[in-house]
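Before any comments, here is the structure.
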Amino acid sequence: MVGRILQFVLYPLVALAIGVFFLGLARKITARIQWRYGPPLVQPVIDMIRFFYQKSVSHGPVFAVGLIMSLAGSIVVVLFLPFGSICPLSGSGGLLVVLYVMLLAPMGIALSGGQGANPNISIGISRKLILALGYEVPFLLVLLTVMTHYNTISIVQVVEAQRDIGWSIASLPLFLSGVSYLLILPAMLGFRPFDVSTAPQEISSGPLVEYGGKYLLMATIEHALLLFIDIALFVNLFLGGAGNPITFFVKMLIVFVLVLFIHAAFPRLRIEQAIRYLWKWPTALALAGLIIVTIGRS
Amino acid sequence: MTFLENYVFYVGAFGLVLIGLFTILVKRNLIKAIVGLAILDTGVNLFLISVGYLARGTAPIYTRAEQGAQPMVDPVPQALVLTAIVIGVAVLALALALAIRLYRHYGTLDLRKITEQRW
Amino acid sequence: MVNPVLLIVVPLGFAFLIPILSLLSKKIAKYIPPIPLCFNIVVSLLLLPRALENPVVVSIGGWQPGFSINLVAGPVGILLSAIVAFVGLLVSIYAVDYIREGATDRYHMLFLLLLTGATGVVLTGDIFNLFVFFEILCISSYALVAYAGDKAGIESAVKYLIQGAVGSSLLLIGIGLLYGLFGTLNMADIAKALQSPTSLPVFVPMALIISGLGVEAAMFPLNGWLPDAHSSAPSPVSAILSGIAIEVGLYAIARVVFTIFGLSIDSTSNFLMFLAVLGILTLLVGEMCALGQNNIKRMLAYSSIGQMGLILFALAMASSYAVAGGLFQLVSHTLAKALLFLTVGYMTYRTHSLDISALAGIGKRMPITSLAFTIGAFSLIGLPPFAGFPSKLLIVRAALATKECLFFVLIGGALLGTVIEAAYFFRVVQVLYFKDGNTNIARKQVPAVALIPIVIFVILIVGIGIYPKFITGLLNSAAAELLNRVDYIRNVLG
Amino acid sequence: MNPQLILLIAFGGAFLTYIFGKISSKLRDGAAVAISLALVAIFACLYGRRLQESFYWGFLGLNLSFRLDAVSWFFAIAIVSLGALSIIFSLRYMRDRERTDFYYSMMLMVNAAMLGIVLSSDLISFYIFWEMMSWCTFLLISYNQHRALDAGMKYIIMSIIGSVAMLAGILSLYVSFDTLLIPQIASSLATASPGYVLFVLVIFGIAFGIKNAIMPLHTWLPDSYAEAPSPFTAVLSGMLTRMGVYGFLLITYVVGGMIGGTGLGSNVLKFNYVLAWLGALTIVVPTFIAMLQNDAKQLLAWHGIGQGGYMVLGIGFGVATANSLALAGGIFHTLNYAICIVLLFMSVAAVQYRTGGVRDLNSLGGLVARMPVAFVGALLGISGLIGLPLTNGFVSKWMMYKALILEGHPFLAFAALIGTWGTILSVYKFLHNMYLGQLPEKYKHLEKSPFSMQLPIAVLSSAVVLFGILPGIPLRVINKICTWLGFSSLDVTIWGFTSETGTLNTMNLLAAIVVVSAVVWVLFHRAAKSVVVAQDDNYAAGAYVPKDKYHYTAGFYEPLFTMLRPYLRDVVDEFYTALAGSVRKSCGAVRRIYTGDVGSYVTYIILFLASLILVQLRWRPW
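Chains as they are written, first to last, in our numbering: chain A, 697 to 994; chain B, 692 to 810; chain C, 1252 to 1745; chain D, 61 to 682.
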């Protein structure tokens, strides 16, 4: 019992730590690829502590409630994802619930940003939602392929199945889906070339523009958790999860670095270009995977 | 020419009917159309009479018993025709009365120009 | 013992009494028509129980049936004569106030004559007598259409007259041919002698009679007069023409086809099929023409054509359900259409225009009248809980019960007609209630005298719609009588 | 309390309200509220009762009868509750309008007719009430005049087409089986030929499909929803349109009387697959079209179509694969959707009431500050529509998705899921443009919505959350409906489901979210304080900015629209409009038969006669 409660408390913190580490890593690696020195790895932590003690500007209760909702949503999603053998909320609805709880984060940000009443925010959110629509098409196809293939909606069961038959990404239909997931991962994480919604030079970081102090802190935590969630989901679904947290972390790290290379190397796409891309190759791959799986099943 | 002998009334009757119909169809003038109606009526009446006609029959009136079994024409069509004539007259009278009123409204009796009521 | 002859003699007598009495006082004329019509209703109701058992056959002049003119007051005859008298009564009450201009005594006389003719047609058992009553009906309606003396009225009356005269000539030729073939004018006698309706000598008179009667019954290619006449006549006359005259024509067709020529579903002839197709054609043409109308009365007139088509279709199916449904539809159409014309009469009287768009906002100014119109329109479309619903239901049911593809297609056409009908009636209802219009119209109800018939019609439509059993019994026996040729012959000839 | 009495109260109430309205408007309002609440009370007391009542009306020799069982109770309680809330909402909304007597009595009449539909146990009384509902609806839709007239026409024409089809179907059943009692037809149909069963399905499918606005038959809906008076739109969207769902359940019962025994005929399965696919189509296209709308009510109306697709998908799929989870999900979604959409329409109506009828999404904004209750209603409403966890829509969608995936139909599931994303985009636009962002100057001093509007919004908001947290309450009744339909019973607990392939436990979810939110809130609270500043301070940095200009609303998803707009036309509507135009044109052509020239009329007569005789001479067909 105590162990279980400990899982509940510690797991989000670990996830947060990994996420924050990834944030730092992202800046560092990008800088190095671009022949810069870059900030220290702990820079995000320093920033966050500073945000915590900084005074900030608010725009009313919805401004805060949205952010809280968003952050809470992300943390709950984390609880649903197996991390190695740790999975506090395994029996509460599975992947479908994850899919829906994942909605809380963007919805919360959108709500809070909407109250910010800054055109840059509105533009950013509108782009974010459009982009989401863009990557959700292949993403949903991928998830459906996995769920149909293993005939379950529980992530734990997907992970267990892979323990017996090997990684999903190594089997034919799911290989396509896995590649598709990798292709859309930058978009899901908001990395270049898909950082239209936060484009700093264009719309002053979009949704984040009115945030300062604790608001920015929460937005940062939310982003860190997002990195963890999307990558952990990939590892769980396609790379066989892991027996222990360390292996799991290593797998995540590899995937993340892969994404970072793309992030560092590509310029930003316009939103239409992004959608067009997302609805072309990743969707085609995911669709092919799903069709093969469906045919194989029947 | 037995055909004509036997059927001359019918031919005449239907000839009149057709003439009447033709008049109504072709003539633009209302009065002529009404005349056509009159001819049509006459044709019909003639036809009715012919139905009951018997060659060389007498009037169907029993006044003298000694006349005995002489062939008589059928009395029923004659009764019918009487009625039909009366009706025909009524229709004609009404039609002509209406024609006068119509002329007052339109200043013409040309049926093809009197087409305000249509569609 | 009441005699069916009274049903004809009394209104006829009163009709000719009117010009005499109006010599005494100009005002008296308008109060006379209700008296004989009330009388007729009473007599019809008194005759009803006997008629339901066995048709009451009366020979005029005491001659043997077959030699004399006779009246056959069976369930159909009594039903229709009661309806004629009833609708006539209500319309005559309405006319007390509505008809103010012109030679009112002549109007009332012609009105009674028209109803006499209609009653005669439905009661007579002699085919020439049928013709005579028809002529009484037609001539008085020509005159009534022209009653207002305006341009439209006169024009329509002339056209009506020409077509009507041609039609009755054809009818008369047909009757003459029948007489030539069978030597008798009694319908039962002819029916007895006639064996095969398909042989050519019999078909020709049938074609002539159907064409002749079809003019009056508004069958499809023969109804060119109807939209003009019904829309140009004064509204009470339109109500009678649409509500009674054409129905009577349809009854005559049914009587001739079923009784004299003995067509039935199991006979070898499929002429009934043709009539059914013609009915649906009439229905569709009527409804389609009504759809684009801007003139409200003309729209109602076209809708009458459509309804006649539906009734013809129902009758032509010739099953007991179908004929009962057809007669039910006849009753519900009579009530609804009479109601519609009566309400429209006062609406257009207030707006001084027949345009539908001119009726905008009248729902606020004449609430009861508009409500009555709405109920009438809903009933015609066949919406529950109004009288048109059970009748349409019966017809559709009968068509489906035939289990023949042709009838399935035809009833599909009929239902399509219903949709079109709904389209134009609902449009008018919207105009009445939901369009802001002319605010100059006086906020004035219809006078009480005219309101009485309107309200009675509404009550009947709703009442029959909710409790159709009220008349279904009578309708079923009427349908049985209309279809059972053998019994008819036996009853008349003894 | 037997069904006749209930209907008597319902219909009598409608008439009484009208009469009272002539006396005094207060009396009328009171009567309307009292009657609608009385009906709610009656049905609440009737929970779990089963009644079957036949009464002879002498309607053409047909037995008319009523029944009350799980399915009718479920729909009846929803109808009366939503009806009562709408009536309460109307009290202020309709106060200064014209013809309120008419409005209230029609509202009650529509409710009564819907009650009649769900209570009737034979098809003829079903049809009678169905038609009454149709024309009452027509009158209410047309109430707002102007553009509402066209909307009303569109509605009634499609509705009449549907009911005409249904009439043909009902009478065909009657002719075939000589009964119209639903249970008896169900047992008779078991022995009918598969072709006939398919005919019945298709013809009723058209009727109910039109009412439920399934994709190619949906075109009446957007205009009607948008133009009807808003409280009535709530009823229209909440329950009236969903009579189609009830119809589908009924027809499932009728043709599926043999589900338990011999199994469904293959035609039934095929039909239901087609239905499920149509449902999927109905989910995707309308929700994407909804994004294009700039009119709040139009936007919600398109969601009305889209969410109807979920119900049809759930029910059709459930029947096709004998999966009670999908079926229950479809039914549950009907209720959930009804609650949410009524809430949303009420929230729009509250805004309309205060702003003087404005519902253009580009001219509102920032109203959260002025109308918090309406905002909360809208927020919970859209959450339910999207299906955010802990709202009721989540549970029903979860049930359907799970069934779709585990039965191996990922494409249907994909349609449903992507529909959710379409929903998110459009409802966020709705919420943002109306309640968030910059408050326009002219609405600075808007008053709060009155209590009679807040009350229904509050009640429905709590229902959204309650059914989201404790879905077992309605699911128990729905489970009974499933067993009535011959499906296997579900393992329902108060907080969700337990099963081997995936459990749903809303309690865990609730606990997790509440605890985590609390933690986050504490963290938030412990951090340095924040200052509330005017919305434009930060952005403008003290410089003058024209205040009404910088609320980013118009063309909210412009980049997406430029891509999608060519594909998001309502082709069906265009087709119908063209069809109606050509029908009107051909009707105009037919009218030319009546030339006005008496010569041609006489020609018709002669030609008719001549052709009759000639045809008989030549071919002797008769």
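Cβ atoms here follow ideal geometry from the backbone N, Cα and C, with glycine treated the same way.
ask   = Per DSSP, what kind of secondary structure is Q750(A) in: helix, strand or coil?
value = In the first sequence, counting from the first residue as 1, residue 750(A) sits at position 54. Coil, per DSSP.
ask   = With I1712(C) and I1626(C) assumed to form a contact (beta carbons below 8 Å), what rounded beta-carbon distance in angstroms separates them?
value = Position 461 of the third sequence, counted from the start, is the residue given in the question as residue 1712(C). Position 375 of the third sequence, counted from the start, is the residue given in the question as residue 1626(C). That belief holds up - the Cβ atoms of I1712(C) and I1626(C) are roughly 6 Å apart, short of 8 Å.
query = For L1634(C), which residues from the same chain have a beta carbon less than 7 Å from its beta carbon, with the 5 sequence-adjacent residues on both sides left out?
reply = Reading the third sequence from its first residue, position 383 is the one you call residue 1634(C). Excluding positions up to five away in sequence, the list reads F1640.
ask   = Per DSSP, what kind of secondary structure is D801(B) in: helix, strand or coil?
value = What you label residue 801(B) is simply residue 110 of the second sequence in a count that begins at 1. Correct three-state label for D801(B): strand.
task = Could you pull out every residue in the same chain whose Cβ sits closer than 6 Å to the Cβ of S876(A), ignoring the five residues on either side in sequence?
result = The residue you call residue 876(A) lines up with position 180 of the first sequence. Only P834, V838, P978, L981 and A982 meet the Cβ criterion.
request  = Could you please give me the residues that DSSP links to R127(D) through a beta bridge?
outcome  = On the fourth sequence, position 67 is the one that residue 127(D) refers to. Per DSSP, Q112(D).
query = What runs of the beta strand (DSSP E), each 3 residues or longer, lie entirely inside the region 747-835 of chain A?
reply = 752-754
message = With H, G and I counted as helix, E and B as strand and the rest as coil, what does DSSP make of M763(B)?
response = By 1-based counting over the second sequence, the position of residue 763(B) is 72. M763(B): strand per DSSP, three-state reduction.
key: C-alpha distance - G482(D) paired with F162(D), whole-angstrom precision   = To locate residue 482(D), count along the fourth sequence from 1; it is residue 422. To locate residue 162(D), count along the fourth sequence from 1; it is residue 102. Going by the C-alpha atoms only, they are around 38 Å apart.
key: chain C residues whose Cβ lies nearer than 7 Å to that of D732(B)   = Residue numbering aside, residue 732(B) sits at position 41 when the second sequence is read from its first letter. In chain order: S1420.
inquiry  = I'd like to know whether the C-beta of A746(B) is nearer than 8 Å to at least one C-beta of chain C.
reply    = Counting from 1 along the second sequence, the entry for residue 746(B) is found at position 55. No - not a single Cβ of chain C is within 8 Å of the one on A746(B).
inquiry  = Within 10 Å of its beta-carbon, does W458(D) have 16 or more other beta-carbons around it, so buried, or fewer, so exposed?
reply    = Working through the fourth sequence from its first residue, we reach residue 458(D) at position 398. Label assigned to W458(D): buried.
task = Could you tell me which uninterrupted alpha helix (DSSP H) segments, each at least 4 residues in length, are contained entirely in the region 1639-1713 of chain C, listed from first to last along the chain?
result = 1639-1652 and 1656-1685
Chain-order list of residues whose beta-carbon lies under 6 Å from that of T394(D) (same chain, five-residue window excluded) = Along the fourth sequence, one-based indexing puts residue 394(D) at 334. Hits under 6 Å: R302, V305 and M371.
request  = Jot down the residue ranges of each uninterrupted beta strand (DSSP E) in the region 532-603 of chain D, minimum 3 residues, whole runs only, in chain order.
outcome  = 590-592
query = Can you tell me whether T322(D) is buried or exposed, with buried defined as 16 or more other CB within 10 angstroms of its CB?
reply = If you number the fourth sequence from 1, residue 322(D) lands on position 262. For T322(D), the pLDDT reaches just 46, beneath the cut-off of 50, and the residue's location in the model is therefore unreliable, although a value from the coordinates is still provided. By the neighbour-count rule (16 or more Cβ atoms within 10 Å), T322(D) is not buried but exposed.
message = Could you check whether the Cβ of H505(D) sits closer than 8 Å to any Cβ belonging to chain A?
response = The residue given as residue 505(D) occupies position 445 in the fourth sequence. So, not an interface residue.
inquiry  = In this structure, how does DSSP classify V892(A) when only helix, strand and coil are distinguished?
reply    = Position 196 of the first sequence, counted from the start, is the residue given in the question as residue 892(A). It is coil, neither helix nor strand.
inquiry  = Using only CA atoms, which one of L1428(C), A1649(C), G1664(C) and S1295(C) lies nearest to A1730(C)?
reply    = Indexing the third sequence from 1 puts residue 1730(C) at position 479. Selected option, being the one with the closest Cα: A1649(C).
Cα-Cα separation between V650(D) and Y698(B), rounded to whole angstroms = As a working mapping, residue 650(D) is identified with position 590 in the fourth sequence. As a working mapping, residue 698(B) is identified with position 7 in the second sequence. Going from the Cα of V650(D) to the Cα of Y698(B) covers about 44 Å.
ask   = Is there a Cβ from chain A that is less than 8 Å from the Cβ of P619(D)?
value = One-based indexing of the fourth sequence puts residue 619(D) at position 559. Chain A contact via Cβ: present.
ask   = Between F747(A) and the rest of its own chain, which residues show a CB-CB distance below 6 Å, the 5 nearest in sequence each way excluded?
value = In the first sequence, counting from the first residue as 1, residue 747(A) sits at position 51. Excluding positions up to five away in sequence, the list reads G909, L912 and L913.
inquiry  = Closer than 8 Å is the cut-off here; do at least three beta carbon pairs connect the region 1359-1377 of chain C with the region 1323-1333 of chain C?
reply    = yes
inquiry  = Could you compute how far the alpha carbon of V1261(C) sits from the alpha carbon of E1386(C)?
reply    = Working through the third sequence from its first residue, we reach residue 1261(C) at position 10. Working through the third sequence from its first residue, we reach residue 1386(C) at position 135. Answer to the nearest angstrom: the Cα atoms are 19 Å apart.
query = Hey, quick one: how far does the alpha helix (DSSP H) through N1727(C) stretch, first residue to last?
reply = Start at 1 with the first residue of the third sequence, and residue 1727(C) comes out as number 476. K1720 to L1734 is the span of the alpha helix (DSSP H), which, as asked, contains N1727(C).
Buried versus exposed, by CB contacts within 10 Å (16 or more), K214(D) = By one-based count along the fourth sequence, residue 214(D) stands at place 154. Result: buried.
query = If you run the structure through DSSP and keep just helix, strand and coil, what is A1774(C)?
reply = Outside the displayed span of chain C (1252 to 1745) sits residue 1774(C), for which this structure offers no information.
message = Quick check on S1273(C): does DSSP put it in helix, strand or coil?
response = Taking the third sequence and counting its residues from 1, one reaches residue 1273(C) at position 22. Reduced to three states, the DSSP call for S1273(C) is helix.
key: Within chain B, partners of D1356(C) - CB distance below 7 Å   = Position 105 of the third sequence, counting from 1, holds the residue named residue 1356(C). Near D1356(C) there are no residues of chain B at all, since even the closest Cβ is about 17 Å away, more than 7 Å.
Contacts that T799(B) makes with chain D (C-beta to C-beta distance below 7 Å) = The sequence position of residue 799(B) within the second sequence is 108, counting from 1. Result: empty, since nearest Cβ-Cβ is about 14 Å, beyond 7 Å.
ask   = Leaving out the 5 sequence neighbours to the left and right, which residues in its chain are closer than 6 Å to I1632(C) when beta-carbon positions are compared?
value = Here residue 1632(C) corresponds to residue number 381 of the third sequence, with the count starting at 1. Cβ neighbours of I1632(C) beyond the five flanking positions: E1672, A1673 and F1676.
ask   = Going by other Cβ atoms of all chains shown within 10 Å of its Cβ, with 16 needed for buried, is L986(A) buried or exposed?
value = Counted from its first residue, the first sequence places residue 986(A) at position 290. Under this definition L986(A) is a buried residue.
task = Alpha carbon to alpha carbon, how far is G1400(C) from S1273(C)? Give it in angstroms, no decimals.
result = Position 22 of the third sequence, counted from the start, is the residue given in the question as residue 1273(C). Position 149 of the third sequence, counted from the start, is the residue given in the question as residue 1400(C). Approximately 21 Å between the Cα atoms of the pair.
ask   = Which residues in the same chain have their Cβ closer than 6 Å to the Cβ of D801(B), if we skip the five residues on either side of it in sequence?
value = Translated into the one-based positions of the second sequence, residue 801(B) becomes position 110. For D801(B), where only same-chain residues beyond five positions count, the Cβ hits under 6 Å are R719.
inquiry  = Using beta carbons (cut-off 8 Å, strictly below), is Q498(D) in contact with chain A?
reply    = Taking the fourth sequence and counting its residues from 1, the one referred to as residue 498(D) is at position 438. So yes, Q498(D) belongs to the interface.
request  = Pick out whichever of N493(D), A438(D), Q205(D) and A429(D) has its Cα sitting closest to the Cα of V519(D).
outcome  = As a first step, residue 519(D) must be located in the fourth sequence, where it is residue number 459. Taking only the C-alpha atoms, the option nearest V519(D) is A438(D).
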